[in-house]
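Residue numbers for the sequence shown follow the numbering used here, beginning at -8 and rising by one.
Cβ atoms here follow ideal geometry from the backbone N, Cα and C, with glycine treated the same way.
Quantities reported herein were computed from a predicted structural model and do not represent experimental measurements.
Down below is the structure, laid out as structure tokens.
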Amino acid sequence: MSNDNFKACIEACYACAAACDNCSTACLKEDDVKMMARCIALDMDCAQVCRTAAAFMARGSDVARDLCRLCADVCTACGDECGKHPMDHCQACAQACRACADACRRMAGAA
């Protein structure tokens, strides 16, 4: 597998990880942090799996596509949760998660 084949997906993963980091940090500053607990937890999980998937793709790992499938699932869950909240940081995160999930699904299905 060529690293060039993974470029768009790697970029989507890093963009999503950054959006998730931003969202979790902003959620921790919200008045009702307890209400944001699931969002924060999913943000942290999503950021980690996105970075891991990007690293596996960057080095052309044989299991990168498998990890992309997992990443897509986590991104979808995070995007769904963030999408429930009206704050700008949550909406931006939801959008990044959806874009990353789409990119990872395409990569996972690539031959």
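Exercise. Between the Cα of Ala68 and the Cα atoms of Met35, Lys20, Asp79 and Cys0, which residue gives the shortest distance?
Worked result: Met35
Exercise. Going by Cα to Cα distance, which pick from Ile1, Arg96, Ala99 and Cys95 is closest to Ala46?
Worked result: Ile1
For this session: Starting from the C-beta of Leu19, find all residues in its chain whose C-beta is less than 8 Å away, skip the five residues before and the five after it, and write them out in chain order.
Result: Met27 and Ile31
For this session: Would you decide whether Val24 is buried or exposed? Buried here means 16 or more other CB atoms lie within 10 Å of its CB.
Result: exposed
Exercise. Is there a Cβ from chain C that is less than 7 Å from the Cβ of Phe(-3)?
Worked result: Of the chains in the structure shown, none is chain C; there is only one protein chain.
Exercise. Is it true that the CB of Cys7 sits closer than 7 Å to the CB of Cys91?
Worked result: yes
Exercise. How would you call Leu33, buried or exposed, if buried means at least 16 neighbouring beta carbons within 10 angstroms?
Worked result: buried
Problem set entry | Reduced DSSP secondary structure (H/G/I, E/B, other) of Lys25 | helix
For this session: Can you give me the Cβ contacts of Tyr5 inside the same chain, cut-off strictly under 8 Å, excluding the 5 residues immediately before and after it?
Result: Cys41, Arg42 and Ala45
Problem set entry | Rounded C-alpha distance that separates Ala85 from Asp79 | 10 Å
Problem set entry | Sequence ranges, alpha helix (DSSP H) only - wholly within the segment 0 to 71, length at least 4 | 28 to 49
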